[in-house]
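Sequential numbering from 106 applies to the sequence shown in this note's numbering.
For reference, the structure is listed below as structure tokens.
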Amino acid sequence: MKIHLPIYFFRKELFTLAMIVTFHAANGQKILTWFVLTQTLSGEDPARPGVYAPVFSPELEKLNGQEVILTGYVIPLDMGNNTYALSKTPFSNCFFCGKAGIETVVGLKFKNRQSKFLVDQFIVVKGILRLNKHPNGDFIYYLENAELHG
106 MKIHLPIYFF RKELFTLAMI VTFHAANGQK ILTWFVLTQT LSGEDPARPG VYAPVFSPEL
166 EKLNGQEVIL TGYVIPLDMG NNTYALSKTP FSNCFFCGKA GIETVVGLKF KNRQSKFLVD
226 QFIVVKGILR LNKHPNGDFI YYLENAELHG
């Protein structure tokens, strides 16, 4: 059975996306999309046989070390240590619940300590993208020096 949701159900996300496009056009910042992030594949690490590592797309490799803007849902991991993740989907459908892949979450390393976010709070974040080629149980992407944007 298909569930048809009215467009106003996504009103906040659509408004946020429109604002990002406006900021991008005005400031020339790069917008990172979940579509680009989810193009990451998994392959065997040539340096460590039997260990799997992410295989990033050329487009994503070009963004490594660049300032990008990304939207998503906040997942507080350890608020005392200012540790958060940004997810493509709300918590009930995210990687941590077994309903998505590791390519759908990004670790956030905020520039300044953040006040507490709500679980599934939809935010726009700006930061330096870092690709983690040897995650060893960690995130495969991070946004460093992250700050709320817009």
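Every residue gets a Cβ at the ideal spot worked out from N, C-alpha and C, and that includes glycine.
None of these values were measured; they are calculated from a predicted model.
Using a Cβ-Cβ cutoff of less than 8 Å, which residues in the same chain neighbour N187 once the five nearest sequence positions on both sides are dropped? Translated into the one-based positions of the sequence shown, residue 187 becomes position 82. Only F215, R218 and Q219 meet the Cβ criterion.
For S192, write down the residues that DSSP places opposite it in a beta bridge. Walking along the sequence shown from the start, residue 192 turns up at place 87. In the DSSP output, where bridge partners are listed per residue, S192 has Y178 and V210.
DSSP state of L168 mapped onto helix, strand, coil: As a working mapping, residue 168 is identified with position 63 in the sequence shown. Three-state DSSP puts L168 in a helix.
Looking at the structure shown, is V141 part of a helix, part of a strand, or coil, going by DSSP? By 1-based counting over the sequence shown, the position of residue 141 is 36. V141: helix per DSSP, three-state reduction.
Nearest to D225 (by Cα), restricted to the options S192, I245, N237 and H254: Counted from its first residue, the sequence shown places residue 225 at position 120. When each option's Cα is compared against that of D225, the closest is S192.
Just to confirm before moving on: does the CB-CB distance between L248 and L175 stay below 8 Å? Along the sequence shown, read from residue 1 onward, the residue named residue 248 stands at position 143. Along the sequence shown, read from residue 1 onward, the residue named residue 175 stands at position 70. Yes. Within cutoff.
Are the CB atoms of Y246 and L236 within a distance shorter than 8 Å? Looking up residue 236 in the sequence shown gives position 131. Looking up residue 246 in the sequence shown gives position 141. Yes, Cβ-Cβ distance for L236 and Y246 is below 8 Å.
Could you check which residue in G232, N241, H239 and G255 has the C-alpha nearest to that of Q171? Within the sequence shown, residue 171 is the residue found at index 66, counting from 1. Checking every option, the nearest Cα to that of Q171 belongs to G232.
Under the three-state DSSP convention, the category H129 falls into: Indexing the sequence shown from 1 puts residue 129 at position 24. Low local confidence applies: a pLDDT of 49 at H129 is under 50, so the model's placement there is unreliable, and no value is given.
If you run the structure through DSSP and keep just helix, strand and coil, what is S162? The residue labelled residue 162 in the question sits at position 57 within the sequence shown. Three-state result, S162: coil.
Between P195, H239, K238 and Y189, which has its C-alpha nearest V230's C-alpha? Your numbering for residue 230 matches position 125 in the sequence shown. Comparing Cα-Cα distances from V230 to each of P195, H239, K238 and Y189, the minimum goes to Y189.
Member of T145, Y178, L137 and V156 whose CA lies at the smallest distance from the CA of H239: On the sequence shown, residue 239 is found 134 positions in, with the first residue counted as 1. Here the closest residue by C-alpha is V156.
Using the three-state DSSP reduction, which class does Q219 fall into: helix, strand or coil? Within the sequence shown, numbered from 1, the residue matching residue 219 stands at position 114. DSSP places Q219 in coil when its eight states are reduced to three.
C-alpha distance - S197 paired with V210, whole-angstrom precision: What you label residue 197 is simply residue 92 of the sequence shown in a count that begins at 1. What you label residue 210 is simply residue 105 of the sequence shown in a count that begins at 1. Answer to the nearest angstrom: the Cα atoms are 13 Å apart.
Using the C-alpha atoms, what's the distance from M184 back to V173? For this step, residue 173 is matched to residue 68 along the sequence shown. For this step, residue 184 is matched to residue 79 along the sequence shown. Cα-Cα distance, rounded: 24 Å.
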